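Below is one structure, written out as structure tokens; the observations come after it.
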Amino acid sequence: MNISKNMAASRKLMAGFALVLLLILLEKSIGYLEYVAASSASTAIASFVIAAIIMGVVNALILSRVITRSLNPVMVGANNIRNAGVGYGVLCASGIVTTPGSASAAEEKNEEPPVEQEKENLQEEPEESDRERQSLEDITLIDQLTREEGVAVSNTAPSDGRMDSQQDQLADQKNRIEELNNEIEGGKSEMEECEERLDELTTENEYLKTQIRDFVPLMKSLAEGDLTKRAAKTTDDELGELADAYNDTVENIQALAEDAGVLAEAVIEGKLDVRADASKHSGDFRKIVDGVNDTLDAVIGPLNVAAEYVDRISKGDIPEKITDDYKGDFNEVKNNLNVCIDALNGMLAETGMVGDAAVEGKLDTRGDATKFGGDFGKLVQGINNTLDAVIGPLNVTAEYVDRISKGDIPETITDEYKGDFNEVKNNINILIDALNGLINEATTMEKAAAAGELDTRADVSQYNGAWANIVQGLNNTLEGVVVPLRDIGGVLDK
């Protein structure tokens, strides 16, 4: 059998062994790698598994190479000894055996010696190492020396010196084989350790998958706002720390929700000075509480100012205009309050002016309603209308009194008035009737006197009070005049 074929078979055997080993590693790790690829938490474990696979493949290739190199010399030597059919030969440093018989037989058959054949075979395989090529060169040199010295082909034992050299070489070859066995055992141990570690990683992977599978519903509940669930801590490792961290997170969020509820309830009840206690929180949670408190301050501060101004205005205390700086809607509220203050001050000025005019008897003075807008304008106009309603009947009364005082008894008032104004009208009309009655009585008495009807008197019963007294006084006056006249007339008649 050709030695190169044996070497090729050895290499194929080692390559197959490495391939089988690689498939075993891939089969055991493929499920784990699928999960690890989706889990950022297992990145370190995934890296270790990948490194272990790569290390196993490299070890398998190295082991195949070492076995191939070590078996090459043994296979070459065994092949030469079998072909030569002799009991001894020369074993070179690389472990390849050559004999005089092998060289002579090759010469008789017109064939190249086995060493030359093997050298050609190795030259056809450029991937062999320089060490193997050097061994072939040593074998070639020994073979040439043997033929030049005419070493006879014999089955007898070689000389003692040569035997010692061969024994030394065999001892070296044995040591190399033992080293090879040790390397193989070491490689097997490493592979067993890798398998054990892979089993451990698989177990850890299943444990992680179980823990994460149990943790996912908790995270979904938290995302949906359910703060009632807590994570169960079963270990003191990183997963236990994760459970503690989750529970702390839920409790902190729950504390935020409780403080938000307290603030909302306080605002509904009108307790605008209630604030959340930020000292109960830490980190960004505390910043959130501080931000809510600051927001309430920013809203309630201007609101309190507006409430104070409205309260003062409602009590008739018109305050000064607001001069503080505000932004956005707060500035609009400030401007509206200032407009209200300006309008109220304007109305006060107008009513004050009308009042002063009334005191001065300038009853035709009115406020300028066009200076105000909306209901403020209506208010000024209402004041003007009120003055008109009061001063109108008052002017009529003044006019009638003026005419009566001048002896110009006017006609009774026929305009419609309400309330006290109608009573004033009625009283003026009664006065006019009384005066007209007195005038009529006086006229009647005057006509009677002219007709000599000295017994005619005014009807006192038609008058009341001072008017009756006036009529009675008039009658008495007339009686005082008529009685003496009658006495004189009686005397004259006698």
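According to this note's numbering, the sequence shown is numbered sequentially starting from 20. For each residue, glycine too, the CB sits at the ideal point set by N, CA and C. Remember, predicted model here, so these are calculated numbers, not experimental data.
- [ ] State the Cα-Cα distance for the pair Ser61 and Asp267, rounded to the nearest angstrom.
- [x] Reliability of the predicted coordinates at Ser61 is poor, the pLDDT of 45 falling under 50, and the value obtained from them is presented with this limitation in mind. Cα atoms of Ser61 and Asp267: separation of roughly 24 Å, rounded to the nearest angstrom.
Open item on the list: In this structure, how does DSSP classify Asn483 when only helix, strand and coil are distinguished?
Closed with: coil
Open item on the list: Suppose you measure from the CA of Ala308 to the CA of Gly320; what does that come to, to the nearest Å?
Closed with: In the sequence on display, residue 308 carries Val and not Ala. Computed Cα separation, rounded: 18 Å.
Task: First through last residue of the alpha helix (DSSP H) which encompasses Ala417 - done: 393–424
Open item on the list: Please classify Asn224 as buried or exposed, where buried requires at least 16 other C-beta atoms within 10 Å of its C-beta.
Closed with: buried
Open item on the list: Quick check: the Cα distance between Leu275 and Thr314, rounded to an integer number of angstroms?
Closed with: 15 Å
Open item on the list: Residues in the same chain with beta-carbon distance under 6 Å from Thr384, minus the five sequence neighbours each way, listed in chain order, please.
Closed with: Val373, Ala376
Open item on the list: If the criterion is Cβ atoms closer than 8 Å, does the pair Ile428 and Asn455 meet it?
Closed with: yes
Open item on the list: Please classify Val269 as buried or exposed, where buried requires at least 16 other C-beta atoms within 10 Å of its C-beta.
Closed with: So Val269 counts as buried.
TODO: Classify Asp187 as buried or exposed, calling it buried when 16 or more other Cβ atoms lie within 10 Å of its own Cβ.
DONE: exposed
TODO: Count the other C-beta atoms from every protein chain shown that fall within 10 angstroms of the C-beta of Gly386, then say buried if there are 16 or more, exposed otherwise.
DONE: buried
Open item on the list: In this structure, how does DSSP classify Arg166 when only helix, strand and coil are distinguished?
Closed with: Note that Arg166 scores a pLDDT of 49, beneath 50, so its modelled location is shaky; the value from the coordinates is reported in the next line. Correct three-state label for Arg166: helix.
TODO: Compare the beta carbon distance of Asn495 and Ala477 with 8 Å and say whether it is the shorter of the two.
DONE: no
Task: Minimum C-alpha distance to Gly392 - residue among Asp296, Val358, Met238, Ile447 - done: Val358
Task: Own chain, CB closer than 6 Å to Val293, minus 5 neighbours either side, in chain order - done: Ala285
Task: CB of Ile447 within 8 Å of CB of Ile432, strictly - done: yes
Task: Burial state of Gln4, where buried means 16 or more other Cβ atoms lie within 10 Å - done: With the chain covering 20 to 513 only, the question about residue 4 has no answer from this structure.
TODO: Classify Pro503 as buried or exposed, calling it buried when 16 or more other Cβ atoms lie within 10 Å of its own Cβ.
DONE: exposed
Task: Inside the segment 337–394 only - alpha helix (DSSP H) runs reaching at least 4 residues - done: 347–378
Task: Every unbroken alpha helix (DSSP H) within the segment 256–307, with a cutoff of 4 residues, ordered by chain - done: Restricting attention to alpha helix (DSSP H) runs no shorter than 4 residues, the segment 256–307 encloses them at 257–287, ordered along the chain.
Task: Arg249 (DSSP reduced to helix, strand or coil) - done: Assigned with DSSP and collapsed to three states, Arg249 falls in coil, not helix or strand.
Open item on the list: Give me, in chain order, the residues of the same chain whose beta-carbon lies closer than 6 Å to that of Leu382; leave out the 5 immediate sequence neighbours on both sides.
Closed with: Ile410
Task: Beta-carbon proximity check, Gly365 vs Lys390, cutoff 8 Å - done: yes
TODO: Can you tell me which of the three DSSP states Ala5 falls into?
DONE: Residue numbering for the chain in the displayed model covers 20 to 513; residue 5 lies beyond these limits and cannot be assessed.
Open item on the list: Assuming Ala452 is part of the alpha helix (DSSP H), what are its boundary residues?
Closed with: Just to set this straight, residue 452 is Asp in the shown sequence, not Ala. Segment 439–469, the alpha helix (DSSP H) holding Asp452.
Open item on the list: Using a Cβ-Cβ cutoff of less than 7 Å, which residues in the same chain neighbour Phe395 once the five nearest sequence positions on both sides are dropped?
Closed with: Ala362, Met366
Open item on the list: Classify Met464: buried if its beta carbon has 16 or more other beta carbons within 10 angstroms, exposed otherwise.
Closed with: buried
Task: Nearest-angstrom beta carbon gap, Val329 and Ile341 [assumed within contact, 8 Å] - done: Not confirmed; about 12 Å, so no contact.
Open item on the list: When you compare the CB positions of Leu450 and Ile489, do they come within less than 8 Å of one another, or not?
Closed with: no
Task: Coil, strand or helix - Thr433 by DSSP - done: coil
TODO: Within 10 angstroms of the Cβ of Glu369, are there 16 or more other Cβ atoms? Answer buried if so, exposed if not.
DONE: buried
TODO: Compute the distance between the beta-carbons of Gly259 and Lys252, then report whether it is under 8 Å.
DONE: yes
TODO: Would you mind giving the Cβ-Cβ distance between Tyr482 and Ala453, rounded to the nearest angstrom? I have them listed as a contact below 8 Å.
DONE: 7 Å
- [ ] To the nearest angstrom, report how far apart Val6 and Thr462 are at their CA atoms.
- [x] Nothing in the structure corresponds to residue 6, since the chain is present only between 20 and 513.
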